[in-house]
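One structure is given here, and the rest of the page talks about it.
Residue numbers (the working numbering): -16 to 163.
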């Protein structure tokens, strides 16, 4: 992990290091099946598995797009699975202040960004909403909001992989990465 005295690495080198650290992290159970697009370190894919209702019954495909000048500019995160969430718009863009240019720090690591993402999905933030109507519903009629979010999870989310499936995926990914 970089400290204050450590110089910033160039993008690809730093992304490879951050990816390696994340792949070693067995504690992060809410972001799984991480992989990199072949021959493109600037695009990562994964499966978001929130642990708070109503999102804890599904899994959500997501992608991370890093700019060529990362870490000096923030990555973009998209949730590719439809989700009824006030901080995610219909195109899957997530409203996270940490990713706004004026708040981004080059020392911010992607695992920190993903921790904020998971926290936001688990606990919607009405003050940073993409959807004002949904934010109002969340504040004024939380049971209605939760019913609608639960219905969307049931209808659109990915099936949550079993621990065995996650282990098989990790084994295949490791074998694939050792070939590269």
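Backbone N, C-alpha and C define an ideal beta-carbon position, used for all residues, glycine too. Nothing here was measured: the structure is a model prediction, and the numbers come from that model.
| Check | Outcome |
| --- | --- |
| Please identify the residue among 154, 30, 24 and 68 whose C-alpha is closest to the C-alpha of residue 112. | 68 |
| Can you give, in chain order, each stretch of the beta strand (DSSP E) that sits fully within the segment 58 to 145 and has at least 3 residues? | 59 to 62 |
| Could you give the uninterrupted runs of the beta strand (DSSP E) lying entirely in the segment -1 to 25, keeping only those of 3 residues or more? | 14 to 20 |
| Less than 6 Å between C-beta atoms, sequence neighbours within five positions excluded: which residues of the same chain meet that for residue -16? | With a pLDDT of only 44 at residue -16, under 50, the local geometry of the prediction cannot be trusted, and the value read off the model is given with reservation. Nothing meets the Cβ criterion. |
| Determine the burial state of residue 51: buried for a count of at least 16 other Cβ atoms within 10 Å of its Cβ, exposed for fewer. | exposed |
| Does the structure place the segment 140 to 152 close enough to the segment 109 to 129 that three or more beta carbon pairs sit under 8 Å? | no |
| Quick check on this structure: which residue in 88, 101 and 90 has the alpha carbon closest to the alpha carbon of residue 78? | 101 |
| Out of 123, 158, 24 and 60, state which residue places its alpha-carbon closest to the alpha-carbon of residue 82. | 60 |
| Any idea which residues DSSP pairs residue 49 with across the strands? | For residue 49, which the question treats as bridged, DSSP gives no partner whatsoever. |
| By the 10 Å Cβ neighbour count, where 16 or more other Cβ atoms means buried, how is residue 33 classified, buried or exposed? | buried |
| Roughly how many angstroms separate the alpha carbons of residue 41 and residue 24, rounded to a whole number? | 27 Å |
| Please say whether residue 53 and residue -6 have beta carbons closer to each other than 8 Å? | yes |
| Residues in the same chain with beta-carbon distance under 7 Å from residue 99, minus the five sequence neighbours each way, listed in chain order, please. | 79 and 81 |
| Indicate the three-state DSSP secondary structure (helix, strand or coil) for residue 150 in the structure shown. | helix |
| Measuring straight from C-alpha to C-alpha, what distance separates residue 131 and residue 155? | 36 Å |
| Is residue -3 buried or exposed, if buried means 16 or more other CB atoms sit within 10 Å of its CB? | buried |
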